[in-house]
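This note's numbering runs 168 ahead of the 1-based position in the first sequence. These notes concern the structure reproduced below.
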Amino acid sequence: MRKQNAGLTKSFFARSAEEVAPDLIGCEFFIDGVGGKIVETEAYTRFDPASHSFRGPTRRNQSMFGEPGTAYVYRIYGLHWCMNFVCADASAVLLRALLPVNGIELMKARRGGVSEIQLCSGPAKLSEALGISGNLDGASLFAPPFTLRARSEQPVEILEGERIGISRATELPWRFWLADCPYTSHPKLRSKPRK
DNA sequence: AACTGGATCGTCT
DNA sequence: GACGATCCAGTTG
């Protein structure tokens with residue numbers, strides 16, 4: 169009986185994002201078979217001033233108030249897309265970096281031929297590589313085009329530190345990443361949590 | 001290696 | 001009317 173490579177279930181996401189976010193490190197995520205291993209995430213919760221759900225439901229953030237296991241996709245800075253997995257109580261996990269596994273040539277084509285290291289090393293980069301845009305907002309993660317696979321083995325070491333690119337609640341240690349992984353988004357913050 | 005500004009627009013003040 | 005859960009190219013040290 170092979171338990172490894174099983175798909176993630178709804179109960180996996182039916183917890184608060186700060187619990188789910190570290191558990192997603194080492195899982196695999198694909199869209200139409202294109203994607204890779206999750207190596208960096210961030211958690212955002214309902215009572216977190218940095219979270220889109222902090223001020224209650226709006227048209228943009230309504231997916232964040234949906235069922236655990238829903239995709240929340242939003243546009244950032246007018247030109248990029250960011251992908252989130254909705255968890256319990258209007259919390260969500262932002263996908264920040266993947267280690268490319270499948271569909272590498274297609275991802276390179278979408279990303280303008282950058283090196284493999286830089287293919288998915290950032291939230292907007294991985295969205296471009298996987299072809300993510302606003303039309304996936306609100307979709308269930310348990311149906312096509314998505315594929316989610318649980319870890320096949322425990323990650324060597326998961327580190328945590330402050331989140332990146334926000335101006336509020338910056339002290340919360342809700343960014344999680346695979347230690348010393350070259351495919352994460354911030355070279356300087358790869359090995360040690362920021363002080 | 002570190003910092004700067006530009007691109008670009010929906011959302012909320 | 002201001003401002004992002006960003007990225008990239010360019011400049012400076």
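Each residue gets a CB set at the ideal place from its N, CA and C atoms; glycine is no exception.
On the three-state DSSP scale, how would you describe E208?
Three-state DSSP puts E208 in a strand.
Worksheet entry | Under 8 Å between C-beta atoms of T209 and V261 | Going by beta carbons, T209 and V261 fall inside the 8 Å limit.
Item to complete: Go ahead and pull the three-state DSSP assignment for E196.
Response: Here E196 sits in strand by DSSP.
Let's see if you can read the secondary structure: which residues bound the beta strand (DSSP E) around L262? A260 to N270
query = Using DSSP with H/G/I as helix, E/B as strand and the rest coil, what is A182?
reply = Assignment of A182 by DSSP, reduced to helix, strand and coil, places it in the coil class.
Quick one: give me the first and last residue of the beta strand (DSSP E) that L145 is part of. Nothing in the structure corresponds to residue 145, since the chain is present only between 169 and 363.
Exercise. For S301, which option in G246, L327 and R336 has the closest C-alpha, if you only look at C-alpha atoms?
Worked result: G246
For this session: Could you spell out the range, first to last residue, of the alpha helix (DSSP H) harbouring L294?
Result: P291 to L298
Coarse secondary structure for R243, derived from DSSP in three states: strand
Exercise. Let me know if G194 comes out buried or exposed under the rule of 16 or more other beta-carbons within 10 Å of its beta-carbon.
Key: buried
Original post:
If you pair each beta-carbon of the stretch 214-223 with each one of the stretch 328-342, do three or more pairs fall below 8 Å?
Top reply: The answer is yes - the stretch 328-342 touches the stretch 214-223, with three or more Cβ pairs under 8 Å.
Could you give the DSSP three-state label for L228: helix, strand or coil?
The sequence given here places Arg at residue 228; Leu does not occur at that position. Coil, per DSSP.
Can you list, in chain order, the residues of its chain whose CB lies under 8 Å from that of E284, leaving out five sequence neighbours each side?
Closer than 8 Å at Cβ, skipping near neighbours: P268, I272 and K276.
For E186, which residues in the same chain have their Cβ closer than 7 Å to its Cβ, ignoring the five residues on either side in sequence? A211, T213 and W342
- Query: Leaving out five residues before and five after R331 in sequence, what residues of the same chain have Cβ atoms less than 6 Å from its Cβ?
  - Reply: E210, W342 and R343
Item checked: Beta-carbon proximity of M251 to V241, cut-off 8 Å -> yes
- Query: Between the C-alpha atoms of S308 and T315, what's the straight-line distance to the nearest angstrom?
  - Reply: 11 Å
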